[in-house]
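Chemist: If you use mature numbering (1 follows the signal peptide of the UniProt record, and there is no 0), the sequence shown corresponds to residues -20 to -1, 1 to 106, in order. Every residue, glycine too, gets a C-beta built ideally from N, C-alpha and C. In this text the structure is predicted, and so the values were computed from the model without any measurement. Would you mind keeping the following structure in view while I ask a few things?
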Amino acid sequence: MRKFIILIYCVLLTSCAIKARVLPDGPFLKDAKVSQPYEDVIIVGWAISNSVNVKIYPADSGLSWAPSDYEGPVLPVTAKDYGRIRIFGTPKETGDIRVTIAGAVHGTMLQSGSEFKKTYTVKVGS
């Protein structure tokens, strides 16, 4: 009986593990067209704001990133949602643009937070 209780305790403890899930799941964001406005969103649940780092290559691609605004009332009003990263801009040339997002998520009392890193590709056509 004691082994059974220990087994249940271990299962419950490990089921509380915090793993960062970055959406969309695949390696691609929406396709873009040269000289046309582009916008897509990358979602990371419970991201720690000062840990999020986004790099876009090539740097002069015409795309930028910014955290989203919160959808509900939040104080202070200037707070940003680093769990929803906006990729936006107007692509300048055809080809592939790489977007790499990395950072960390909050943990719980039972499990420490975890880090994440994911690279997406934006295909730019004419």
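For P53, does the count of other Cβ atoms within 10 angstroms reach 16, so buried, or fall short, so exposed?
Modeler: Counting Cβ neighbours within 10 Å, P53 comes out exposed, since fewer than 16 surround it.
Chemist: Please state the DSSP three-state secondary structure of K(-2).
Modeler: Reduced to three states, the DSSP call for K(-2) is coil.
Chemist: Does the Cβ-Cβ distance between W45 and I23 come in under 9 angstroms?
Modeler: Against a cut-off of 9 angstroms, the Cβ pair of I23 and W45 comes out as no contact.
Chemist: May I ask you to list the residues that DSSP assigns as paired with E19?
Modeler: According to DSSP, which records beta bridges pairwise, E19 is partnered with F68.
Chemist: Within this structure, are the beta carbons of Y37 and P71 separated by less than 9 angstroms?
Modeler: The answer is no: Cβ separation not under 9 angstroms.
Chemist: Any idea if A39 is buried or exposed, counting beta-carbon neighbours within 10 angstroms, 16 or more meaning buried?
Modeler: A39 comes out exposed.
Chemist: Secondary structure at S31, three-state DSSP: helix, strand or coil?
Modeler: DSSP places S31 in helix when its eight states are reduced to three.
Chemist: How many Å lie between V104 and V79 at the Cα?
Modeler: Answer to the nearest angstrom: the Cα atoms are 13 angstroms apart.
Chemist: Return yes when the Cβ of I28 is within less than 9 angstroms of the Cβ of A82, no when it is not.
Modeler: No; because the gap between Cβ atoms is not below 9 angstroms, this pair is not in contact.
Chemist: Determine the burial state of S41: buried for a count of at least 16 other Cβ atoms within 10 Å of its Cβ, exposed for fewer.
Modeler: Label assigned to S41: buried.
Chemist: Assign K(-18) to one of three DSSP states: helix, strand, or coil.
Modeler: Helix at K(-18).
Chemist: The beta strand (DSSP E) with E51 in it runs from where to where?
Modeler: Unbroken run through E51: none, as it is neither H nor E.
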